[in-house]
Amino acid sequence: MSSKKLKVAFIGCGRILSLNALGYVDHPHAEIYAMCDKKRGRAKKAAAEWGAKVWYKDYHDVLKDDNVDIVEILTPHKFHTPITIAACEAGKHVSLQKPPALRLSELDAMIRAAQKNGVKFKVFENFRFHLPYVHAMDLIKGGVIGDVYVVNYRMWSSISPLSSWKVPLMTWKWRIEEENNYKMPTIFDDGYHKHSGYACNCHL
Ligand SMILES: NC(=O)c1ccc[n+]([C@@H]2O[C@H](COP(=O)([O-])OP(=O)(O)OC[C@H]3O[C@@H](n4cnc5c(N)ncnc54)[C@H](O)[C@@H]3O)[C@@H](O)[C@H]2O)c1
3 MSSKKLKVAF
13 IGCGRILSLN
23 ALGYVDHPHA
33 EIYAMCDKKR
43 GRAKKAAAEW
53 GAKVWYKDYH
63 DVLKDDNVDI
73 VEILTPHKFH
83 TPITIAACEA
93 GKHVSLQKPP
103 ALRLSELDAM
113 IRAAQKNGVK
123 FKVFENFRFH
133 LPYVHAMDLI
143 KGGVIGDVYV
153 VNYRMWSSIS
163 PLSSWKVPLM
173 TWKWRIEEEN
183 NYKMPTIFDD
193 GYHKHSGYAC
203 NCHL
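Just so we're on the same page, this note's numbering is the position in the sequence shown counted from 1, plus 2.
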């Protein structure tokens, strides 16, 4: 690996930025370079907070910036496909938040764009590494609990978080709108976490 640090631009400076950006703080091979949000004030504030050199309102300007090596896409789901394809075409590597797309055809198009342009494309899914899930997978794979026929998840959800993490109401709003979730808000948002680890570890 060369000593040059890869420059990362964040597209979408909402709620999850405060956790996602932490992964690049003091990273040996990458640095936070740019912040972008269609709400100008958010981009500017995030740039100051995370020490980004530049900020943008329009993601097309991020993609025109030759300094940017990687984009972290943290927008609502329905914008994932157009931004990812445009980023690949601009030669940027892409890290995309879950769920990658609302339709399989969109995901296929993103994969094709990455392959065609020779860039890396990963979908960011943290719950595969969440210890209770990892432990449950180990129990299943190790045969400790026998054959699995049914998985019963219970999830608790509320607009007021249990922690002190402030989640703006607007962050919840688009999550319950049909057009932003392909009719299935739970499955397409938190539900993705529930199915992702299971789907990748168990070949049922
Ligand atoms: N991995 C996890 O555990 C986890 C947790 C929360 C959110 N997420 C994912 O992160 C994504 C964002 O979620 P959030 O909770 O941060 O939402 P949010 O609504 O708080 O933030 C989204 C931001 O994107 C901006 N935006 C929208 N369209 C844009 C565009 N075209 N160009 C630039 N900026 C744009 C909005 O102005 C907003 O600031 C979602 O896909 C969600 O599934 C993942």
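For every residue, glycine included, the Cβ atom is placed at its ideal position computed from N, Cα and C. Keep in mind the model is a prediction, meaning the values are calculated, not measured.
{"Asked": "In terms of DSSP beta bridges, what is M37 paired with?", "Found": "F12, W57"}
{"Asked": "I need the boundaries of the beta strand (DSSP E) containing E74, first residue and last residue.", "Found": "72-75"}
{"Asked": "Along the chain, where does the beta strand (DSSP E) containing V125 start, and where does it finish?", "Found": "123-126"}
{"Asked": "Could you tell me whether any non-hydrogen atom of ligand 1 is closer than 7 Å to the CB of Q99?", "Found": "yes"}
{"Asked": "Assuming contact is defined by CB atoms lying nearer than 8 Å, are V70 and A11 in contact in what I supplied?", "Found": "yes"}
{"Asked": "Assuming T86 and M112 are in contact, meaning their beta carbons sit under 8 Å apart, how far apart are those beta carbons, in whole angstroms?", "Found": "5 Å"}
{"Asked": "Write down the C-beta distance between C38 and W52 rounded to the nearest angstrom, noting that I regard them as a contact closer than 8 Å.", "Found": "Not really, about 12 Å apart at Cβ, beyond 8 Å."}
{"Asked": "For G193, which of D28, P102, I34, G43 has the nearest alpha-carbon?", "Found": "P102"}
{"Asked": "Could you tell me if the beta carbon of N128 falls within a distance shorter than 7 Å of some heavy atom in ligand 1?", "Found": "yes"}
{"Asked": "For V73, is the classification buried or exposed, using 16 other Cβ atoms within 10 angstroms of its Cβ as the cut-off for buried?", "Found": "buried"}
{"Asked": "Counting Cβ pairs closer than 8 Å, one from the segment 163-175 and one from the segment 11-20, do we hit at least three?", "Found": "yes"}
{"Asked": "Cutting at 7 Å between CB atoms, please list the residues of its own chain near K7, excluding the five before and the five after it.", "Found": "H31, A32, E33"}
{"Asked": "Can you give me the C-alpha to C-alpha distance between L109 and E179, rounded to a whole angstrom?", "Found": "21 Å"}
{"Asked": "Any idea which residues DSSP pairs A32 with across the strands?", "Found": "L8"}
{"Asked": "DSSP three-state call for H132: helix, strand or coil?", "Found": "coil"}
{"Asked": "L98 lies in the beta strand (DSSP E); which residues open and close that run?", "Found": "95-99"}
{"Asked": "Excluding the 5 residues preceding and the 5 following L21 in the sequence, name in chain order all residues of the same chain whose CB lies nearer than 8 Å to its CB.", "Found": "none"}
{"Asked": "Around the C-beta of H195, are 16 or more other C-beta atoms found within 10 angstroms, so that it is buried, or is it exposed?", "Found": "buried"}
{"Asked": "So, with DSSP's three-state summary, where would you put A103?", "Found": "coil"}
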